[in-house]
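Protein chains in written order, with my numbering: chain S, 5 to 261; chain W, 2 to 345; chain V, 8 to 300.
C-beta: ideal position from N, C-alpha, C; glycine also.
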Amino acid sequence: MSTTAILEIEGLSKSFGGVVAVDNCTMTIREGSVVGLIGPNGAGKSSVIDLVSGFERPTSGRVRFAGVDVVGKRPDQISRLGMIRTFQTPREWRDLSVIDNVRVGRSDLERESLWRSLSAARRLRRQDALDTEQLRELMEHYRLDDIRNDRAVGLSGGQKRLLEFARIAAAKPRLTILDEPMGGVNPVLGERIGEAIRELKKAGSTVVVVEHNLPFIEKTCDEVVVMDLGSVIAQGRFDELRDNERVVDAYLGNDDE
Amino acid sequence: MLQYWTAILTEATIFGVLALGIDMIWGWSGDFDLSAYAYFALGVYMTIIMTVGKAKAPVEYVLGWRLPYLLAVVIAVVVVVAFASIIGAIALRNLRDVYFSITTLGAVWAIYYLVENFTPLFNGYNGVFGLFDPMGGKLSYNAYHYYFFAFCLLVLFLVYLLVQRLSRSPFGRMVRAVRDDERAAAVFGRNVFWTKYRTYLCGAGLAGLSGGLFAAYIGAFNPLDWKPTEIFVLYAAILVGGRGNPRGVVLGSFIVYVGFVEMTRYIPSPAARPELGPALRQILIGLLIILMLKFRPSGLLPERLGTDGTKVRRSWRTWFSRSKILPDPRQDDVVAEPASGVES
Amino acid sequence: MSILWISVGMGLAVAAILALSSVAFTLEYAVSRVVNLAHGEVLTIGAYAAYVGETNFHQNLYVCAIIATVAGSLTGMGLNFGLIERFRNQKPLSTLIATLGASLILQNLLLIGFGGASVSYQFAQGNLLHVGPFLWTTLTIKVMVSAVVVAGLIYLLLQRTLLGKALRAVSQNRELAQVSGIPARRVVMQTWAVAGAVSGFAGFLYGETIGTITPTIGNGFLLLSITAAVGGGLGRPYATLGGAVVLGLVMSIAGTYTSSAYQLVIAFGFLVVMLLIKPNGMFVRGRALTVRA
Numbered sequence: 005m006s007t008t009a010i011l012e013i014e015g016l017s018k019s020f021g022g023v024v025a026v027d028n029c030t031m032t033i034r035e036g037s038v039v040g041l042i043g044p045n046g047a048g049k050s051s052v053i054d055l056v057s058g059f060e061r062p063t064s065g066r067v068r069f070a071g072v073d074v075v076g077k078r079p080d081q082i083s084r085l086g087m088i089r090t091f092q093t094p095r096e097w098r099d100l101s102v103i104d105n106v107r108v109g110r111s112d113l114e115r116e117s118l119w120r121s122l123s124a125a126r127r128l129r130r131q132d133a134l135d136t137e138q139l140r141e142l143m144e145h146y147r148l149d150d151i152r153n154d155r156a157v158g159l160s161g162g163q164k165r166l167l168e169f170a171r172i173a174a175a176k177p178r179l180t181i182l183d184e185p186m187g188g189v190n191p192v193l194g195e196r197i198g199e200a201i202r203e204l205k206k207a208g209s210t211v212v213v214v215e216h217n218l219p220f221i222e223k224t225c226d227e228v229v230v231m232d233l234g235s236v237i238a239q240g241r242f243d244e245l246r247d248n249e250r251v252v253d254a255y256l257g258n259d260d261e
Numbered sequence: 002m003l004q005y006w007t008a009i010l011t012e013a014t015i016f017g018v019l020a021l022g023i024d025m026i027w028g029w030s031g032d033f034d035l036s037a038y039a040y041f042a043l044g045v046y047m048t049i050i051m052t053v054g055k056a057k058a059p060v061e062y063v064l065g066w067r068l069p070y071l072l073a074v075v076i077a078v079v080v081v082v083a084f085a086s087i088i089g090a091i092a093l094r095n096l097r098d099v100y101f102s103i104t105t106l107g108a109v110w111a112i113y114y115l116v117e118n119f120t121p122l123f124n125g126y127n128g129v130f131g132l133f134d135p136m137g138g139k140l141s142y143n144a145y146h147y148y149f150f151a152f153c154l155l156v157l158f159l160v161y162l163l164v165q166r167l168s169r170s171p172f173g174r175m176v177r178a179v180r181d182d183e184r185a186a187a188v189f190g191r192n193v194f195w196t197k198y199r200t201y202l203c204g205a206g207l208a209g210l211s212g213g214l215f216a217a218y219i220g221a222f223n224p225l226d227w228k229p230t231e232i233f234v235l236y237a238a239i240l241v242g243g244r245g246n247p248r249g250v251v252l253g254s255f256i257v258y259v260g261f262v263e264m265t266r267y268i269p270s271p272a273a274r275p276e277l278g279p280a281l282r283q284i285l286i287g288l289l290i291i292l293m294l295k296f297r298p299s300g301l302l303p304e305r306l307g308t309d310g311t312k313v314r315r316s317w318r319t320w321f322s323r324s325k326i327l328p329d330p331r332q333d334d335v336v337a338e339p340a341s342g343v344e345s
Numbered sequence: 008m009s010i011l012w013i014s015v016g017m018g019l020a021v022a023a024i025l026a027l028s029s030v031a032f033t034l035e036y037a038v039s040r041v042v043n044l045a046h047g048e049v050l051t052i053g054a055y056a057a058y059v060g061e062t063n064f065h066q067n068l069y070v071c072a073i074i075a076t077v078a079g080s081l082t083g084m085g086l087n088f089g090l091i092e093r094f095r096n097q098k099p100l101s102t103l104i105a106t107l108g109a110s111l112i113l114q115n116l117l118l119i120g121f122g123g124a125s126v127s128y129q130f131a132q133g134n135l136l137h138v139g140p141f142l143w144t145t146l147t148i149k150v151m152v153s154a155v156v157v158a159g160l161i162y163l164l165l166q167r168t169l170l171g172k173a174l175r176a177v178s179q180n181r182e183l184a185q186v187s188g189i190p191a192r193r194v195v196m197q198t199w200a201v202a203g204a205v206s207g208f209a210g211f212l213y214g215e216t217i218g219t220i221t222p223t224i225g226n227g228f229l230l231l232s233i234t235a236a237v238g239g240g241l242g243r244p245y246a247t248l249g250g251a252v253v254l255g256l257v258m259s260i261a262g263t264y265t266s267s268a269y270q271l272v273i274a275f276g277f278l279v280v281m282l283l284i285k286p287n288g289m290f291v292r293g294r295a296l297t298v299r300a
């Protein structure tokens, strides 16, 4: 495991009209690791993701991703640096076919130039066709091959989760942030998702997982960051944190789950 | 009879170009734009005032350059796109969905009243006119109309090829991804505003182009005869043909436009009640819009799904099942939602 | 006596009618989450109903007002039953487009029924009166007084009645209200009846104030109502009321210095500025409404 940091968050704060959601949050994510981000409800996990990925602007603090200061950048600019995040519900492009969802995920922005779409349409179509081989392998892997030509809106919840992973795998990000990937997922599919996360790691992506399912976190993650009341209260290996008093307090003392 | 059909088909052809433009904004990009009329009308105005001579009192208008027709159309399209770039920058920056529609509705009526009342620009509610002949007066009246129809058909065909090419390109795919879920599109590196903006300008440009064609066809334009409601027929046409499918849109424009003109021909329109025919026509358009939205929102030819190239056999049953309306569970966070309720 | 005060006085009269119309519009949005583009036609129907009443039952101002109110109410209920409820599970944009279709239908039915030429009421305008710095006719004063009374009735309805309470609950969350035992469908229908009644009455007042009615008077008033509602706070009656007053004043003051023909242009400018600075309305606190990816 390398020791270079891919994501450095320093003194990050965000308040919504007086309510402090994130309070002086500091953490470092090392490249190549799978990190679980846990904490009781309302601890500010999702807010941190929104701030890091550019969907919200922090009140103060710094976020460096891959050596670049990303505060104030738009989500798409941050994404082009190599960060992909998910949302709590799967967000497929509903009226695109499944394979087109993965194609858009593959994200070759050059190919989508308006001018080239008009002037070099045939070449672009050939390139798309060449990709199809590769994409079908990917889709087979995520059990989407049979439904590749269907509209994404008709997929089941589990298929939509898998489609999301297929999209991310096609995009080959440097950092993947998953917001509750186990939400509403049955145990069998849960296994598959854990496997998908390990595959992402193998493919070279750092992964941050926000999840309430602690056994899942224990099994999947190299390291855990615990948040409470908007700031980080502990960071380390899962078994180290089991005896950490603050963590136990956060989960049991003022627990509302 | 032949002349009659030529006239109707010419109009349908011109409106086909406009419908393709509106569909890029509404069908591909998902922004229901009510200001398309403004771009169409501006295209007509610009083309007319650039091809006729200087205004003589009491008629007032700007320019009057006596340019050749084709050059005038090109400039008109450029002007329309420039104008749309302002409206689009305002409306698309932060506003989506119904808020976008409200803004464009406000814009179209404000522009309408401005043009109607501010005479120095386009001669106010009297409108501008100038029956000119783009082909230089070498042809007889009838022959000119046949040639002009052929010209419009050629333009529609070329526009269709370009639009279809764009629709099936990676660009078209990206635009639709942004339409379906713009946050997810941003997560995958797409600049949402820029994507929508470019599509908007393309659509506005086509509206301007159809205005340029219409200028030559009708030779006169005034706001009293050409209210924004006149092009609502195209929203019906797009719904009938199939939103997001260029082939369907062209088909829909011909079916609806020709169908409506033909139907209203047989509605008795007594001299005392000249408004009866057009009014019935508008009622039918309103009904058609509602019924299509309710029962078959994807139209006769639904938007084409991008596949992996292998032929997918679809039975006739899917033609019906496609019309099923699937509720959007996420509509709350996609839609701008200002008020969670009445304050207590 | 400055000309500014006179136009502000006229502005208040327009603002009073606008307030009713836009509150009705906002109530429709509150319970059905629909931007009703056929709203202008409900006003127009009210205005024409009063006209029919006047020509047929002889000209009692109050009878005509009641007729306009009832006609508006019926139209509102009809729209809700025939259209809005049928599009309930669809995207808000589909419903908006459907109401655009309804607007076309209603407007042209009026055109067929009454012709395109304008008609006018025969009510006496009354005397010119100086009230403080303002110059009003007795009819204008009646218009304003009745608008204020109706606004007060709406306030009582929202605050003091069971329907008002249920309406607020439904506007927060229809499904939740439904499972809490509130007959949501009926509440929505009653709200449309009220909104329609208020719109019909506003249409009557508008017809009285401008003197002539045509099938298309609703177009401009729809735009103004949208502007007032969005400017003040869509879905929030009191915020909308504030928006209507501000818009009425802005238009009349601006109208003093430019031609009144540009009033809608000014209104649109106002709408755009509002949407750009404070998209969820000037009288609503909280975060911006827009979703920017």
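- Counting along the chain, C29/S sits inside the beta strand (DSSP E) bounded by residues 23-34.
- With respect to G58/S, R78/S sits close: the two C-beta atoms are nearer than 7 Å.
- When 8 Å is used as the limit between beta carbons, I103/S is near these residues of chain W: G307, T308, D309, in chain order.
- Taking a Cβ-Cβ threshold of 9 Å, none of the residues of chain V is close to T105/W; the smallest such distance is about 11 Å.
- Within the same chain, Cβ atoms closer than 6 Å to the Cβ of T104/W are found at A92, L96, the five residues on either side in sequence being excluded.
- Neighbours of I260/V in chain W, taken as residues at a C-beta separation under 9 Å, are lacking, since the least C-beta distance is about 18 Å.
- Straight through space, the alpha carbons of V108/S and D32/W are spaced by roughly 20 Å.
- In this structure, V179/W sits away from A185/W, with a CB-CB distance that is not shorter than 7 Å.
- I233/V reaches chain W at I103, L106, G107, counting residues in chain order whose Cβ is nearer than 8 Å.
- About 5 Å separates the Cβ atoms of C153/W and T11/W, confirming a contact at the 8 Å cut-off.
- By the neighbour-count criterion, in which a residue is buried when 16 or more other Cβ atoms sit within 10 angstroms of its Cβ, F88/V is exposed.
- The alpha-carbon separation between F32/V and A238/W amounts to approximately 29 Å.
- Interface flag for G109/S against chain W is set, since a Cβ pair is found closer than 7 Å.
- If you draw a straight line from the Cα of V262/W to the Cα of V234/W, it is about 11 Å long.
- Neighbours of V186/V across chain W, judged by C-beta separation under 7 Å, do not exist; the nearest C-beta is about 16 Å away.
- Burial check for W227/W: the Cβ neighbour count within 10 Å reaches 16 or more, so the residue is buried.
- Of all residues in the segment 242-274 of chain W, those with a C-beta nearer than 9 Å to a C-beta of chain S are G245, reading in chain order.
- In this structure, the alpha-carbon of P177/S lies about 14 Å from that of R191/W.
- D253/S sits in a helix when the DSSP states are folded into three classes.
- The beta-carbon of T136/S is placed less than 7 Å from the nearest beta-carbon of chain W.
- With respect to the C-alpha of V18/W, the residue from L301/W, F215/W, L306/W, D309/W having the closest C-alpha is F215/W.
- Where S64/S is concerned, the enclosing beta strand (DSSP E) starts and stops at 64-69.
- Here the alpha carbons of V241/W and E199/S stand approximately 46 Å from one another.
- For S209/S, the closest alpha carbon among the candidates E114/S, A125/S, R34/S, S235/S is that of R34/S.
- Contact annotation for D98/W against chain V: P99, L100 [CB-CB distance below 7 Å, chain order].
- Residues of the segment 45-70 of chain S whose Cβ lies closer than 9 Å to any Cβ of chain W, in chain order: S57, G58, F59.
- In the three-state reduction of the DSSP assignment, E227/S falls in the strand class.
- Contacts with chain W at 7 Å (Cβ-Cβ) do not include A191/V.
- Sequence-distant partners of Q197/V (beyond 5 residues in either direction) whose C-beta falls short of 7 Å from its own C-beta, in its chain, are L170.
- Along the segment 150-175 of chain W, the positions whose C-beta sits under 8 Å from a C-beta of chain S are L163, R166, L167, R169, S170, P171, F172, G173, R174, M175, read in chain order.
- One finds nothing in chain S with a Cβ atom closer than 7 Å to the Cβ of A90/W; even the nearest lies about 16 Å away.
- Taking 7 Å as the CB threshold, E141/S stays off the interface with chain W.
- Distance from the CA atom of F69/S to the CA atom of E12/S, rounded to whole angstroms, is 7 Å.
- Annotated as distal: V116/W and I50/W, with beta-carbon spacing of 7 Å or more.
- Segment contact: the segment 159-170 of chain S against the segment 89-98 of chain S, three or more CB-CB distances shorter than 8 Å; contact assigned.
- DSSP places L301/W in the coil class of the three-state scheme, outside both helix and strand.
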